[in-house]
Each structure stands twice: as C-alpha cells, then as structure tokens.
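Quick notes on the structure that follows.
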Amino acid sequence: MSLKDKGDLMVLPEITDFESLLKKQKYSLAGTHSAVKTCLWLSRSIKDQGDCYKSTFYGITSHCCLQMTPTLRCNQRCLHCWRPTEFEVPLPNSWDSPVEIVGSSIKAQRKLITGFGHSAPRERWIEANEPKHVAISLSGEPTLYPYLPELVEEYESQGFTTFVVSNGTVPEMMERIEPSQLYMSLDAPDKETYEKVCLPKSPALWDKINRSLEILGTKNNRKAIRITLIKGLNIFDAAGYARLIEKADPDYIEIKAYMHLGFSRGRLPREAMPAHDEVLEFAKEIAGHIGYSVADDVEISRIVLLSKDGKVSDLE
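Heads up: the sequence shown runs through residues 811 to 1126, numbered per our numbering.
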C-alpha cells in the first residue's frame, strides 16, 4: 500500500474491500468472523532476538502467544487505533461456536508461522506451533462476541492462559468473563476527553465504562488498566485518571505511549507520540495519587508498569 505525506498526516488508501485489506496487513481470517495476526515480538522471539514487554511484566513466552479476535466489529473509533476503524464491520448472520473459533485460530496461527521454519531455531519454531497464551485483543471489541465466557473457557480447557483486552463498553459481559488476566482500556480522565479521543458510537458508552470499572473492583481474577497516552490530547489530570482507576482496584496499570502505526497515521501526526520519559513522568504522577509504584518500564515500547507492591508478576 502506497502512502503519501499530506501535512503532518499520512494519506492512507481508501478502504473498499475489508477482507482483502486484512490479508494485505497479514491477518489470517479464522472461521467466518474471527481473525489472527502475528506481532513483531512473536517474529523476534521465534528467532531468539528478544521478547515482548509482557514477557518482562508477566512471564509469557512471546513466540507461544496467539493474538486473535472473535469479532472485527467495534463500537469506538479511537484516534490512536492502528486498525481501519473507518470501515464499518457488519454483524455476522450467525456466530461461530467457541470450539470452532479455538480450532480455527490455532490452525491459522500455525499457517502464519510456517515461513519461520527456515529462519528460526528449530526448537523455538516447534514450540510456537503449540501456542500456550492467547491475547483476545486484535481488531474489534471482543466483548461484542456473545459467547466470550465460553471462548475463554475453551482456550483454558486446552491449556492456554487467557488475556482479554476490552474497552469496557459492555459491562454485562465484563461481569461474566474470568480470564487469566482482564485488561480494560481507559484513555481519558473525563467524558469530554473520552469523546474526543475514542469517538464512541453512542454517548452512553462513558457511563458503561464507569460501570465496568466498578465491576472490575469486585472481581478476583488478575486485572489491569491500560492507558494509551497521546501528546496534546489526554496527558493531563492525573488525579482524574486516579479517581477512575480506584474504582477498578487493578493489580496492574500499564501506561503506554501512542505509537504512530497503521491507520492511526491518517488521524494523528507523528508528534503525537510522547517520549518514554514523558510516559514515565505521567505514570509516576498517577501512581502518587493512588499509592502504586513503578514495577518496571520498557523504553523500546515506551511503556511503564505500575503495581501495588512495586513488583512484576507471572502467570503462576
């Protein structure tokens, strides 16, 4: 796909065929409405060239991680999202079962990593063919899939640890799911900023997000709040973020810089990426309001991890 500069933004190709676009971006469709995509860190890890920050923070094995989504549909159009949020994904005529999705996603992952068999150490390539972690977070909002609790259970019945990343706009589903780790994105300290940054399809979603934060506060599984910082848009009011975070009582808080990637390049300039030092400074400010401490940070990913005890953890 060719890109041309236009001021501070990039002119991206018109989206006419969503399925072809996904394939060009190296997604693999799984079943009728799910998708799988390998990430940069899987590529590096399978070649023994480094691991994702989740390896440092939580002890996962990057080349054994399957990144997938059970639906490509989303109810927000976040400015910082690297996905083509401008394209409206219709609801399927019928939903695939969790068993179908798990089987097709593993098959799709194995197909995607076939080429690494010639460039990676044999042992690591064999390990990667038997993924043991699943990140239910790729393109779309996973809580819109009506059988998400059963999907989590099906992955776990096959020995996976499960990470679900949600925007928190479907509190009824947030209440029902119990993955190994439940992430919730929180990209604004107030409703006005939320509407500017996340462009929700309904103004009622901010109230639903607040309800999901309260639900997280009652759950016993491991919880994390994820904040994506965009320079000039949402790096302010650390106390406001802290008040919202306190509702969820998370084990971890991930504070990460917006990265100028994918389709976000048509919405935000490169200058919207904060430097790692800026992320670290704002993270410390939030931590100071709620009694958390910096547990770790990874400069290459411009991310800071906060925890209650100042320690990282693993999946044990």
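Built from N, CA and C at the ideal position, the CB exists for glycine as well.
Since the structure is predicted, the reported quantities are computational estimates derived from the model, not experimental observations.
Beta-carbon contacts of residue i that lie in its chain and below 6 Å, excluding the five residues immediately before and after
| i | result |
| --- | --- |
| A1052 | I1096, H1099 and I1100 |
| H1070 | R1080 and M1083 |
| Y955 | P880 and T881 |
| W778 | Nothing about residue 778 can be reported from this structure: the residues present for the chain run from 811 to 1126 only. |
| G817 | Interpretation of G817 is limited by its pLDDT of 49, a score under 50 that renders its predicted location unreliable; the figure taken from the coordinates is listed afterwards. So the list is empty, once near-sequence residues are dropped. |
| S865 | S872 |
Alpha-carbon to alpha-carbon, residue j and residue i
| i | j | result |
| --- | --- | --- |
| S967 | S1117 | 29 Å |
| D1106 | R1032 | 18 Å |
| M984 | Q859 | 36 Å |
| E963 | A945 | 14 Å |
| A1049 | A998 | 12 Å |
| K1011 | N885 | 6 Å |
| V909 | I916 | 11 Å |
| N903 | S855 | 38 Å |
| E1109 | I936 | 30 Å |
Boundaries (first-last residue) of the beta strand (DSSP E) holding residue i
| i | result |
| --- | --- |
| A845 | S844 to K847 |
| R877 | The residue you asked about is not Arg; residue 877 is Gln in the sequence shown. Element bounds for Q877: C875 to T879. |
| V975 | T971 to S976 |
| L1023 | It is not in any beta strand (DSSP E) - L1023 instead sits in the alpha helix (DSSP H) that spans L1015 to L1026. |
| R1032 | R1032 to L1039 |
| Y955 | Taken as a continuous stretch (DSSP letters only), Y955 belongs to no beta strand (DSSP E), as it is neither H nor E. |
Proximal residues to residue i (C-beta, below 7 Å), its chain only, five neighbours per side dropped
| i | result |
| --- | --- |
| I911 | A840, G841, S844, P880 and L961 |
Nearest-angstrom Cβ-Cβ length linking residue i and residue j, presumed shorter than 8 Å
| i | j | result |
| --- | --- | --- |
| L852 | C888 | That belief does not hold up - the Cβ atoms of L852 and C888 are roughly 24 Å apart, past 8 Å. |
| L1078 | Y1068 | 7 Å |
| I1065 | F1092 | 7 Å |
| N1074 | Y863 | According to the sequence displayed, residue 1074 carries Ser and not Asn. With 8 Å as the limit, S1074 and Y863 do not qualify as a contact, their Cβ atoms being about 19 Å apart. |
| R883 | E982 | With 8 Å as the limit, R883 and E982 do not qualify as a contact, their Cβ atoms being about 17 Å apart. |
| L763 | A1058 | Because the chain is modelled from 811 through 1126, residue 763 falls outside the range shown and cannot be assessed. |
| W905 | Y868 | Wrong, their Cβ atoms sit about 30 Å apart, outside the cutoff. |
| A930 | K857 | 5 Å |
| G1072 | W892 | 3 Å |
| F973 | P989 | 6 Å |
Spatially closest choice to residue i from the options, by CA coordinates
| i | options | result |
| --- | --- | --- |
| R920 | W905, V909, R932 and A938 | A938 |
| L996 | T895, I1063 and C862 | I1063 |
| Y1102 | A1085, T871, D1087 and V1122 | V1122 |
| Q805 | I923, P900, V909 and T866 | Outside the modelled stretch of the chain, which goes from 811 to 1126, sits residue 805, for which no answer is possible. |
| N1020 | E1109, E1056 and E1088 | E1056 |
| Q894 | Y837, A1058, A1014 and P931 | Reading the sequence as shown, one finds Pro at residue 894 and not Gln. Checked all of Y837, A1058, A1014 and P931; the closest Cα to P894 is Y837. |
| V975 | G925, L992 and K1018 | L992 |
| G978 | S947, S990, D861 and P900 | S947 |
| I1035 | V899, G1042 and P1060 | P1060 |
| V899 | G1027, V1007, L1043 and S949 | S949 |
| N940 | G969, T953, G925 and H928 | Reading off the sequence shown, one finds Glu at residue 940, where the question assumed Asn. Here the closest residue by C-alpha is G969. |
| K1029 | I987, L901 and H1086 | I987 |
| K847 | L1026, S914, H928 and K1006 | S914 |
| K1041 | A1014, C849 and H890 | H890 |
| L971 | H928, K942 and I1037 | First, the amino acid is wrong: residue 971 is Thr here, not Leu. Residue K942 is the option with its Cα nearest to T971. |
| S907 | G1027, Y965 and F926 | Y965 |
Same chain, Cβ closer than 8 Å to residue i, five either side skipped, listed in chain order
| i | result |
| --- | --- |
| V1104 | L1090, A1093, K1094, A1097, V1114, L1115, L1116 and G1120 |
| L1039 | I1045, I1065, K1066, A1067, Y1068, P1084, E1088, V1089 and F1092 |
| R934 | S855, I856, K857, D858 and H873 |
| V1007 | C888, L889, H890, D997, A998, I1040, L1043 and N1044 |
| I1025 | P981, M984 and E985 |
Run of the alpha helix (DSSP H) containing residue i, from where it starts to where it stops
| i | result |
| --- | --- |
| E937 | R932 to A938 |
| A1067 | Where A1067 is concerned, there is no enclosing alpha helix (DSSP H), although the beta strand (DSSP E) it sits in stretches over Y1062 to A1067. |
| S855 | L850 to I856 |
| T866 | Y863 to Y868 |
| V909 | P908 to L922 |
| K1102 | Here residue 1102 turns out to be Tyr, not Lys, going by the sequence shown. Note, Y1102: premise wrong, no alpha helix (DSSP H); not H, not E. |
Residue i at chain D interface by Cβ criterion, 9 Å
| i | result |
| --- | --- |
| E964 | Within the model displayed, chain D is absent; a lone protein chain is all it includes. |
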